[in-house]
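A.B. asks:
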Amino acid sequence: MIRPPRARWFRFIASPRVASSLIAAMAGLSLLGILIPQRALLTTDMMTDFENSAPVLARVLDVLGLDALFSGWPVVTIAGLLALSTVTCTWNRIDRYARGISAAPAPVVRRISADTSSHEALHEGIMVSRVRNVMHAAGWATLESPGRVVGVKGRRGFLGSMLLHLSLLIIMVGGSATALSDFSGTLLLAEGQTVIDEPSAYLTVEKVPRLGEAFTGARLTLDSMRFTYQDGQIVEAIATMSGLDTSARRSTFEARVNHPFELAGKSYLVQNSGLVADLTLSTEGRSEGLIVNLADVTPYGWADEIALSSTDASTPSPTTLSLLASPVTLEAGETLPVEQFLIGQPQLSLRAVTGADVGEVQTLTAGSSVEVAPDVVVTFNGVRYWTRFLVRQDTARWVVYLGFWFGVLGIVWRFLMPERRVSMSLIATHGESPYVNLGYRVRPWRGIVWPGDQALLDELAASVNAEETQEDAS
Amino acid sequence: MSLAQTLSFWATTGAYLLATVMFFYGLAWRKRHLMRRASRIIVPAGLVAHVVALGIRWTESGHFPYIGNYEGALFGAFLLALAFAVLVFVWEGGESTGLIVLPVLVVTLGYGLVQMEAVGPVTPVYQSPWLLVHFVFSWTTYAVYTVVAALAGVLLLRLRAERRGKTDRSIAAWAPPNERIDEISTPLVGFGFLMNALLLVTGSIWAYRLWGQYWGWDPVEIWSLLTWLGYGFYLHARLTLGWSGRKLAWVAIISLLGISMATWGVQFLPTSYHLFQDLGATMFQSRPQ
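Sequence lines, in order, name chains A and B.
Per this note's numbering, numbering through the first sequence is continuous, rising by one, with the last residue being 470.
Per this note's numbering, numbering through the second sequence is continuous, rising by one, with the last residue being 1312.
(1) With DSSP as the reference, label Trp1238 (chain B) as helix, strand or coil.
(2) Given a cut-off of 8 Å on the beta-carbon distance, is the pair Ile423 (chain A) and Tyr436 (chain A) in contact?
(3) Would you say Tyr397 (chain A) faces chain B, with C-beta separation under 8 Å as the test?
(4) Could you name the residues of chain A that Pro1199 (chain B) contacts, counting a contact when the two beta carbons are closer than 7 Å?
(5) How many angstroms separate the CA atom of Met42 (chain A) from the CA atom of Ser49 (chain A)?
(6) Does DSSP put Ala260 (chain A) in a helix, a strand or coil?
(7) Going by DSSP, what residue range makes up the alpha helix (DSSP H) through Gly121 (chain A)?
(8) Assign Met1284 (chain B) to one of three DSSP states: helix, strand, or coil.
(9) For the beta strand (DSSP E) that Thr350 (chain A) lies in, which residues bound it at each end?
(10) By the 8 Å beta-carbon criterion, what residues does the region 1110 to 1136 of chain B contribute toward chain A?
(11) Is it buried or exposed, Glu116 (chain A), if we count other Cβ atoms within 10 angstroms and call 16 or more buried?
(12) Anything in chain B within Cβ reach of Glu232 (chain A), meaning under 8 Å, just list it in chain order.
(13) Among the candidates B:Tyr1093, B:Leu1132, B:Leu1122, whose CA atom is the shortest distance from the CA of Ala1051 (chain B)?
(14) Write down the C-beta distance between Leu290 (chain A) and Asp300 (chain A) rounded to the nearest angstrom, noting that I regard them as a contact closer than 8 Å.
(15) For Tyr1254 (chain B), which of B:Gly1235, B:Gly1176, B:Glu1185, B:Ile1276 has the nearest alpha-carbon?
(16) Just the C-alpha distance for Ala94 (chain A) and Phe402 (chain A), rounded to the nearest angstrom, thanks.
(17) Contact criterion: CB-CB distance below 8 Å. Does Ile108 (chain A) meet it with respect to chain B?
(18) Below 9 Å on C-beta distance, what does Phe1160 (chain B) contact in chain A?
(19) List the residues of chain A that His1056 (chain B) touches, going by C-beta distances under 7 Å, in chain order.
(20) What are the partner residues of His255 (chain A), as DSSP defines its beta bridges?
(21) For the region 1139 to 1205 of chain B, which segments carrying the alpha helix (DSSP H) assignment without a break, of at least 4 residues, lie completely within its bounds, in sequence order?
(22) Would you mind reading off the limits of the beta strand (DSSP E) that contains Phe223 (chain A)?
(23) Can you grab the Cα-Cα spacing for the pair Val83 (chain A) / Gly1117 (chain B), in whole Å?
(24) For chain A, is any of its Cβ atoms less than 8 Å away from the one on Val1224 (chain B)?
(25) Rounded to the nearest angstrom, what separates Leu1057 (chain B) and Val1066 (chain B) at their Cα positions?
(26) Pick helix, strand or coil for Ser322 (chain A), following the three-state DSSP scheme.
(27) Quick test of your reading: Gly1235 (chain B) and Arg388 (chain A), contact by CB under 8 Å. State the CB separation rounded to the nearest angstrom.
(28) Looking at the unbroken beta strand (DSSP E) that takes in Thr359 (chain A), where does it start and where does it end?
(29) Please identify the residue among A:Phe411, A:Val460, A:Arg246 whose C-alpha is closest to the C-alpha of Arg152 (chain A).
(30) Applying the criterion that 16 or more other CB atoms from any shown protein chain within 10 Å of the CB defines a buried residue, is Asp292 (chain A) buried or exposed?
(31) When the distance is taken between beta carbons, is Pro440 (chain A) closer than 8 Å to Ala1262 (chain B)?
(32) Starting from Trp446 (chain A) and walking both ways along the alpha helix (DSSP H), at which residues does that stretch end?
(33) Is there at least one Cβ from chain A nearer than 8 Å to Pro1331 (chain B)'s Cβ?
(34) Can the beta-carbon of Ile32 (chain A) be found less than 8 Å from the beta-carbon of Asp58 (chain A)?
(35) Just checking: is the beta-carbon of Tyr1089 (chain B) within a distance shorter than 8 Å of some beta-carbon in chain A?
(36) With a threshold of 6 Å on Cβ separation, who are the neighbours of Val985 (chain B) within its own chain once the five nearest residues in sequence on each side are excluded?
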């Protein structure tokens, strides 16, 4: 066992004053985080408004890193010092534990006068021997000193406390590992679409790991989406997904909000959906399928624009198609129903714009076609869904979870395995009959007698004035 | 809101309000029997009405009442009233904590009244067993720590009365002895500390599954953590350093600030993941903006 240093700085770091100051500093930081706009908590628009309204202040906060209090130096410094304080304090206490049972008596709960009518005087050796026997029979560890026996049970409860402190360190290690190794991005999949986990598959990539690979090469497919409504609100949005990980292991899963699809170490979290227009483009006798993810939702349907590249040299301006799809047939001026993801008889409104030539709005039902430019025919096959996924890779979270559960286990352990201390001290005052102080303490549950200990206390009290036995005499 | 729900809610609130008025009237006019009746008869009657209100809400919504601010306040107030009733019946003089618990109880239900909303379907965001347990642990923590702070408040009043030599009057005379308050508070803090830890654990697991990160330095998360650290310090101070009395009581009261900020302070924030008003209302997209 390596003894903790006795240096002043060590005692200072391990002191409750430092710990409480750091907690207070964290509280102060949290208050600052409410008063000072934080990038992590506010939307981009809110931050932009702030930067426009107070550009100098915004710049100062940015330079000092105060607009990212919880992901920058302030929280790292405080958390690091707290970790140091925890380690030093724990080290001190392990050392104390390793030194064994202390001879300190427990608070007196009963004073037992020696019954001198049965024998001359209470003999110290006999008392110690009797008490020791009673305690050992009950499974208590004892420590004897002149005129006193101390019994202790449940010292292992201390390990619960250690587990709790260890858990804090594990959580901090896990948190640091997350900061170094997590990945965050979004991708959009249309029903039936398959992508490979590589940079081109992503709509956005917000964070790549500093350690480890960002992309796994796994193959991911959105097989179908299913929606259920109740009272005009979505109560089920299920993405049936399948995947092929790098070791060619196939898996399928019904992903929902709160139930991400796990594939090759990444979590695919369902975010939101929209409609896809399924088209067939026929030009010069050739046909090709076209899946258009409609990005904007309007009161009248899901809208987007696509540009058709021109192959005709005489018409240099490309044709742009404005698309507006709805999952059900709508009358003119009618808005989307509340249950906007229940597909019935879909409809597509389409307008072609070629240079200055703005075409008429044409309305198609599933299976119908229209010529949008010379020799270019668009057939509307129907609508499907696109779904946006938040993709996260954070393997280190399991370390953090482990730390969390260690903490819970440590608390339960500490409180359900209390350290109980019994002491019997013979007090022999000059000129008076000797008596015995019976002490008892439960830690951390002060003020109670732990179940089963009352019988031991009674037995110890009774042993003081018990008839002298042959064993005593020997 | 159905008539049965409305009636049961008002019966509950009315009982607690009556108990509060009786309690403070008794306190003002030094009539301990009024305080005892308020705590031992009216509050338990309110608890019965409260169980009915929760049962009706549960039956009509088809799910355990854990969605939205109204159901949160209804359930949280129930746990607080239950904790108070346990304290009153188990420890002599426990009713003195009504000084703080009863007003907090009425305010919690008052907040529920303001946020009262009709039952609706469970949207995808709320469909998680982790959220359910997180919710239960959150309000249990709130209830337990409020009772601990009430005990601490009573202790401080008593110490103040001792300093002035007026221990024969009012709360100072009726509250449990100082050492007893410390002894009652420690296991309560221990229990609250465990609930608080479970709150953080289940919340972080739910957060990852919903938002893709187990910890987002959201103000509510930070204040919950600070509360946990604060009461962890309380346990250290009590068990390792042997603190008791005034110093310990102040630690309990200051630490309550954390859970109060997490529960109520969030309402005043410009944005937080824990502002659930619009969550899942129209789309299943989960992250509030």
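Using N, Cα and C, we set each Cβ at its ideal position, and we do this for glycine too.
C.D. replies: Put simply:
(1) Trp1238 (chain B) carries a coil assignment under DSSP once its states are collapsed to helix, strand and coil.
(2) No.
(3) With its beta carbon less than 8 Å from one in chain B, Tyr397 (chain A) belongs to the interface.
(4) Near Pro1199 (chain B) there are no residues of chain A at all, since even the closest Cβ is about 11 Å away, more than 7 Å.
(5) Taking C-alpha positions only, Met42 (chain A) is separated from Ser49 (chain A) by approximately 11 Å.
(6) Of the three classes helix, strand and coil, the one that applies to Ala260 (chain A) here is coil, per DSSP.
(7) Per DSSP, Gly121 (chain A) belongs to the alpha helix (DSSP H) from 120 to 133.
(8) In the three-state reduction of the DSSP assignment, Met1284 (chain B) falls in the helix class.
(9) Note, Thr350 (chain A): beta strand (DSSP E), 343 to 350.
(10) Close to chain A, meaning a Cβ-Cβ distance shorter than 8 Å, is no residue of the region 1110 to 1136 of chain B at all.
(11) Confidence in Glu116 (chain A) is poor, its pLDDT being 49 and thus under 50, which makes the residue's placement too unreliable to answer from.
(12) Those within 8 Å of Glu232 (chain A) in chain B are Pro1147.
(13) The shortest C-alpha separation from Ala1051 (chain B) is found at B:Leu1122.
(14) Their Cβ separation, rounded to whole angstroms, is 4 Å, which keeps Leu290 (chain A) and Asp300 (chain A) in contact under 8 Å.
(15) Residue nearest to Tyr1254 (chain B) within the set B:Gly1235, B:Gly1176, B:Glu1185, B:Ile1276 is B:Ile1276 (criterion: CA-CA distance).
(16) The alpha-carbon separation between Ala94 (chain A) and Phe402 (chain A) amounts to approximately 22 Å.
(17) Answer no: the Cβ-Cβ gap between Ile108 (chain A) and chain B never drops below 8 Å.
(18) Correct list: empty, because the minimum Cβ distance to chain A is about 11 Å.
(19) Proximity of chain A to His1056 (chain B) at the Cβ level (cut-off 7 Å) is not reached, the minimal Cβ distance being about 28 Å.
(20) Bridge partners of His255 (chain A) according to DSSP: A:Arg252.
(21) At a cut-off of 4 residues, the continuous stretches assigned as alpha helix (DSSP H) that sit fully inside the region 1139 to 1205 of chain B are 1152 to 1187, 1193 to 1197.
(22) That run of the beta strand (DSSP E) goes 215 to 226.
(23) Straight-line Cα distance between these residues: approximately 39 Å.
(24) Flagged as an interface residue toward chain A: Val1224 (chain B), by a C-beta distance shorter than 8 Å.
(25) Straight-line spacing of the CA atoms in Leu1057 (chain B) and Val1066 (chain B) works out to 12 Å.
(26) Correct three-state label for Ser322 (chain A): strand.
(27) Indeed, because the Cβ distance is near 4 Å, the residues count as touching under 8 Å.
(28) Unbroken beta strand (DSSP E) run through Thr359 (chain A): 358 to 361.
(29) For the residues A:Phe411, A:Val460, A:Arg246, the minimum Cα distance to Arg152 (chain A) belongs to A:Phe411.
(30) Asp292 (chain A) is classed as exposed because its beta carbon has fewer than 16 other beta carbons within 10 Å across all chains shown.
(31) A quick correction: the sequence has Leu, not Ala, at residue 1262 (chain B). Yes, they are a contact pair.
(32) It is not in any alpha helix (DSSP H) - Trp446 (chain A) carries neither H nor E in the DSSP assignment.
(33) Here chain B comprises residues numbered 1024 to 1312, so residue 1331 (chain B) is not present and cannot be evaluated.
(34) For Ile32 (chain A) and Asp58 (chain A), no; Cβs fall outside 8 Å.
(35) Contact with chain A is absent for Tyr1089 (chain B), since none of that chain's Cβ atoms lies less than 8 Å from the residue's Cβ.
(36) There is simply no residue 985 (chain B) to check, as chain B begins at 1024 and stops at 1312 in what is shown.
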